[in-house]
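For the sequence shown, UniProt numbering assigns the number 179 to the last residue and increments by one with no breaks.
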Amino acid sequence: MKALKDYTIPFVGLKEGEHHYDFDINNTFFQNFEYEEFNEVDVKIDLKLIKKTTLLELYFSASGFVNVNCDITNEPYNQSIEDEFKLVVKFGSEYNDDNEDILIVPHGEYEINVAQYIYELIVLAVPAKRIHPGVEDGTLKSDILSKLEELSPKEDSKTKSLEDIDPRWNNLKKLLTDK
1 MKALKDYTIP FVGLKEGEHH YDFDINNTFF QNFEYEEFNE VDVKIDLKLI
51 KKTTLLELYF SASGFVNVNC DITNEPYNQS IEDEFKLVVK FGSEYNDDNE
101 DILIVPHGEY EINVAQYIYE LIVLAVPAKR IHPGVEDGTL KSDILSKLEE
151 LSPKEDSKTK SLEDIDPRWN NLKKLLTDK
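(1) Have a look at Val-105, Phe-85, Thr-53, Ser-146 and flag the residue whose alpha-carbon is nearest the alpha-carbon of Ile-118.
(2) Give a yes or no on whether 9 Å exceeds the smallest Cβ distance from Tyr-35 to chain D.
(3) When we look at the beta-carbon of Leu-176 and count the other beta-carbons within 10 Å, is it buried (16 or more) or exposed?
(4) Between Ser-80 and Phe-60, is the Cβ-Cβ spacing less than 9 Å?
(5) What does the Cβ neighbour count give for Val-105, buried or exposed, with the cut at 16 atoms within 10 Å?
(6) To which residues of the same chain is Tyr-21 closer than 6 Å at the C-beta, ignoring the five residues directly before and after it?
(7) Among Leu-87, Val-135, Asp-71, which has the Cα closest to the Cα of Val-126?
(8) Using a 10 Å radius around the Cβ and a threshold of 16 neighbouring Cβ atoms, would you call Pro-10 buried or exposed?
(9) Would you mind listing the beta strand (DSSP E) stretches within the region 25 to 91 that are 3+ residues and don't spill past its ends, in chain order?
(10) If we count the other Cβ atoms within 10 Å of its Cβ and call it buried at 16 or more, is Ala-62 buried or exposed?
Structure follows, in structure tokens:
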């Protein structure tokens, strides 16, 4: 976790007010967390820290893209990322991160590491079902899509004509309507 030292913010020497930090996130960041779902990562994190007398407010803003594989075709594509997160850091007797929006750190702390919050912000910004934009608009041509189309059930089997239906079913339907 030595590589994540860049994401440690010392807040003791800061004056009260607003402070800005920028982070460029790439694949190396996610390798530290042993997370290998992304092919490529290019996300910019803008962190606004507001120091007050009794607490800190952190506003994370993420924008960029992650290259992921489509769940349907397994084709890689760039998924855009736009998300925000607010964290309040309070001071207490012991460390407590049970609440996702509030972090309590001991009174003697002088710095905070934001790497875990950046990691969660990016991972949770990616949709659960990742679909290539070419699949949605029909412009993607791939072997997997053509095979899925070939194996999909035909609509002709659903729209049978009335002559093909067994006449005994029609008699049973009459029982339902004759109440």
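We treat Cβ as the ideally placed atom computed from N, Cα and C, and that holds for glycine.
Looking at the coordinates:
(1) Numbered from its first residue, the sequence shown carries residue 118 at position 118. For the residues Val-105, Phe-85, Thr-53, Ser-146, the minimum Cα distance to Ile-118 belongs to Phe-85.
(2) The structure shown contains no chain D; it is built from a single protein chain.
(3) Locating residue 176 in the sequence shown gives position 176, where the first residue counts as 1. Burial call: exposed.
(4) Counting from 1 along the sequence shown, the entry for residue 80 is found at position 80. Counting from 1 along the sequence shown, the entry for residue 60 is found at position 60. No. Outside cutoff.
(5) What you label residue 105 is simply residue 105 of the sequence shown in a count that begins at 1. A residue is called buried once 16 or more other Cβ atoms fall within 10 Å of its Cβ, and Val-105 is buried on that count.
(6) Numbered from its first residue, the sequence shown carries residue 21 at position 21. The beta carbon of Tyr-21 lies closer than 6 Å to those of Leu-47 in the same chain, with the five residues before and after it left out.
(7) Position 126 of the sequence shown, counting from 1, holds the residue named residue 126. Restricting attention to Leu-87, Val-135, Asp-71, the CA atom closest to the CA of Val-126 is found in Asp-71.
(8) In the sequence shown, the residue the question calls residue 10 occupies position 10. Looking at its Cβ environment, which holds fewer than 16 other Cβ atoms inside 10 Å, Pro-10 is exposed.
(9) 40 to 51, 55 to 69, all fully within the region 25 to 91.
(10) Translated into the one-based positions of the sequence shown, residue 62 becomes position 62. By the Cβ-count criterion, Ala-62 is buried, with 16 or more other Cβ atoms from all chains shown falling within 10 Å of its own Cβ.
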